[in-house]
Amino acid sequence: MSKRVTVKTIREMKANAEKIVSLTAYDASFARVIDGQGVDVILVGDSLGMVMQGHDSTVPVTVDDIIYHAKSVAPQCKRALVMADLPFMSYTNPNQAISNAARLMQEGHAHIVKLEGGEAQLDTVRHMTRHGVPVCAHIGLTPQTVHKLGGYRVQGREGQVAKQMLSDVLALQDAGADAVVLECVPVDLAAELTKELEIPTIGIGAGRSCDGQVLVLQDLIGISSLAPKFSANFLSGGRNIPEAIKAYVDAVRDASFPSDDQCFF
Ligand code: KIV
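Numbering of the sequence shown is given in the working numbering, commencing with residue 251 and proceeding in unit increments.
Here it is, written out as structure tokens:
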């Protein structure tokens with residue numbers, strides 16, 4: 251069996267210009283297959299609110315929901331780093347965040363937690379990382395704030411917002427974050443953020459320059475109700491599910507995914 255992927259591994263992968271492959275999983279069967287195909291980071295994402303529970307956003311997802319799914323996923327991950335989302339309203343202050351992060355790690359067996367936001371989360375990220383909780387930040391399109399953002403749309407096209415994102419990611423890194431997800435960010439901005447950071451960026455709709463890519467499983471196998479522009483159906487061309495996941499892994503590693511058609515400019 252290959253060695254467990256850790257937060258140190260993904261930092262080294264960035265340093266060695268090796269692409270990081272991430273994919274969501276919410277149950278044991280898919281987690282076992284995804285881990286077996288060499289995905290580096292398996293995310294128990296709050297996207298489960300949409301793809302497992304059928305809601306139109308991630309807002310209704312609770313900490314108990316994430317734990318329920320993480321408990322099924324984590325034991326199957328023999329190699330992958332298991333990341334779990336802190337859902338909406340579960341990290342409104344550092345103490346609440348750390349106690350919910352502890353639950354994701356102790357009950358859900360996650361290795362790292364992910365939260366959405368930049369500057370507003372600095373105290374929380376600092377508090378958690380100082381107490382030994384690995385943290386991945388998530389900026390750009392932050393789905394938990396969809397009602398505040400006014401819809402699912404690209405973030406960072408305006409100079410002021412782009413500038414704020416650069417200062418956010420640098421501050422998050424200083425606060426101890428181990429990685430940053432960039433969602434729906436124009437390719438040039440994502441490339442700049444990636445270049446400025448020592449910690450890895452994992453993109454979704456943020457272009458090939460990111461240090462890694464993440465997708466929602468249901469998008470990758472073409473069964474989402476609305477296929478996002480930044481995804482691709484890897485199940486096409488007669489592949490079975492393990493082959494589709496392997497094709498995604500290979501395409502991220504050789505930087506053929508995402509193509510220009512799957513990016514925002
Ligand atoms: O919940 C999720 O699946 C995510 C990815 C879209 C990055 O946060």
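For every residue, glycine included, the Cβ atom is placed at its ideal position computed from N, Cα and C. Please read these numbers as outputs of a predicted model, since none were measured by experiment.
Check each candidate in 272, 270, 513 and name the one with the smallest Cα separation from residue 404. Counting from 1 along the sequence shown, the entry for residue 404 is found at position 154. Considering only alpha carbons, the answer is 513.
At least 3 beta-carbon pairs within less than 8 angstroms: the stretch 317-327 vs the stretch 366-373: no
At what residues does the alpha helix (DSSP H) containing residue 388 begin and finish? For the purposes of this step, residue 388 is identified with residue 138 of the sequence shown, where counting begins at 1. Note, residue 388: premise wrong, no alpha helix (DSSP H); beta strand (DSSP E) at 385-390.
Taking 7 angstroms as the cut-off, is the beta-carbon of residue 373 closer than that to any non-hydrogen atom of ligand 1? By 1-based counting over the sequence shown, the position of residue 373 is 123. Because no heavy atom of ligand 1 lies under 7 angstroms away, the Cβ of residue 373 does not count as near it: no.
Any heavy atom of ligand 1 inside 7 angstroms of the beta-carbon of residue 388? Here residue 388 is taken as the residue at index 138 of the sequence shown, counted from 1. True, at least one ligand heavy atom lies under 7 angstroms from that Cβ.
What are the residues that DSSP puts in a beta bridge with residue 448? For the purposes of this step, residue 448 is taken as residue 198 along the sequence shown, with counting starting at 1. Looking at the DSSP assignment, residue 448 forms no beta bridge with any residue, so it has no partner.
Are there any heavy atoms of ligand 1 lying less than 7 angstroms away from the beta-carbon of residue 332, as far as the coordinates show? As a working note, residue 332 is residue 82 in the sequence shown. It does not: the Cβ of residue 332 is nowhere closer than 7 angstroms to a heavy atom of ligand 1.
If you measure from the CB of residue 470, is any heavy atom of ligand 1 nearer than 7 angstroms? Taking the sequence shown and counting its residues from 1, the one referred to as residue 470 is at position 220. No, the Cβ of residue 470 stays beyond 7 angstroms of every heavy atom of ligand 1.
Compare the Cα-Cα distances from residue 379 to each of 313, 260, 453, 429 and report the closest residue. Position 129 of the sequence shown, counted from the first residue, corresponds to residue 379. Among 313, 260, 453, 429, the Cα nearest to that of residue 379 belongs to 429.
Among 284, 255, 265, 253, which one has its Cα closest to the Cα of residue 500? Along the sequence shown, read from residue 1 onward, the residue named residue 500 stands at position 250. Looking at the Cα atoms, 284 is the closest of the given residues.
Near ligand 1: residue 308 beta-carbon under 7 angstroms from a heavy atom: Locating residue 308 in the sequence shown gives position 58, counting from the first residue. It does: the Cβ of residue 308 is within 7 angstroms (strictly closer) of some heavy atom of ligand 1.
Can the beta-carbon of residue 450 be found less than 8 angstroms from the beta-carbon of residue 263? Working through the sequence shown from its first residue, we reach residue 450 at position 200. Working through the sequence shown from its first residue, we reach residue 263 at position 13. Result yes, Cβ atoms of residue 450 and residue 263 sit closer than 8 angstroms.
Quick one: what's got a C-beta closer than 6 angstroms to residue 463's C-beta in the same chain, skipping five residues either side? Translated into the one-based positions of the sequence shown, residue 463 becomes position 213. If we look at residue 463 and ignore the five residues flanking it on each side, its Cβ neighbours are 453, 502.
Any 3 or more C-beta pairs closer than 8 angstroms across the stretch 410-424 and the stretch 463-481: no
Beta-carbon proximity list for residue 472, same chain, < 6 angstroms, skipping 5 on both sides: Along the sequence shown, read from residue 1 onward, the residue named residue 472 stands at position 222. Within the same chain, residue 472 has close Cβ partners 483, 485.
Pop quiz: residue 432 and residue 460 are said to be a contact at Cβ under 8 angstroms. What is the actual Cβ separation, rounded to whole angstroms? Along the sequence shown, one-based indexing puts residue 432 at 182. Along the sequence shown, one-based indexing puts residue 460 at 210. 6 angstroms between Cβ atoms; contact.
Straight-line Cα distance separating residue 340 from residue 348: The residue you call residue 348 lines up with position 98 of the sequence shown. The residue you call residue 340 lines up with position 90 of the sequence shown. Their Cα atoms are separated by approximately 9 angstroms.
Could you spell out the range, first to last residue, of the alpha helix (DSSP H) harbouring residue 424? Within the sequence shown, numbered from 1, the residue matching residue 424 stands at position 174. Per DSSP, residue 424 belongs to the alpha helix (DSSP H) from 409-424.
Nearest CA to the CA of residue 422: which residue from 402, 408, 434, 443? In the sequence shown, the residue the question calls residue 422 occupies position 172. Comparing Cα-Cα distances from residue 422 to each of 402, 408, 434, 443, the minimum goes to 443.
From 455, 301, 337, pick the residue whose C-alpha is nearest to that of residue 476; which is it? As a position in the sequence shown, residue 476 is number 226, starting the count at 1. Taking only the C-alpha atoms, the option nearest residue 476 is 301.
Is it true that the CB of residue 457 sits closer than 8 angstroms to the CB of residue 384? Here residue 384 corresponds to residue number 134 of the sequence shown, with the count starting at 1. Here residue 457 corresponds to residue number 207 of the sequence shown, with the count starting at 1. No, Cβ-Cβ distance for residue 384 and residue 457 is not below 8 angstroms.
On the criterion of 16 or more Cβ atoms from any shown chain inside 10 Å, does residue 388 qualify as buried, or is it exposed? As a first step, residue 388 must be located in the sequence shown, where it is residue number 138. When all chains shown are included, residue 388 counts as buried.
What are the partner residues of residue 272, as DSSP defines its beta bridges? Translated into the one-based positions of the sequence shown, residue 272 becomes position 22. For residue 272, which the question treats as bridged, DSSP gives the partners 291, 464.
Would you list the one or two residues that DSSP bridges to residue 333? On the sequence shown, position 83 is the one that residue 333 refers to. DSSP, once it has assigned bridges, lists 293, 362 as partnering residue 333.
Within 10 Å of its beta-carbon, does residue 350 have 16 or more other beta-carbons around it, so buried, or fewer, so exposed? As a working note, residue 350 is residue 100 in the sequence shown. Buried: at least 16 other Cβ atoms inside 10 Å.
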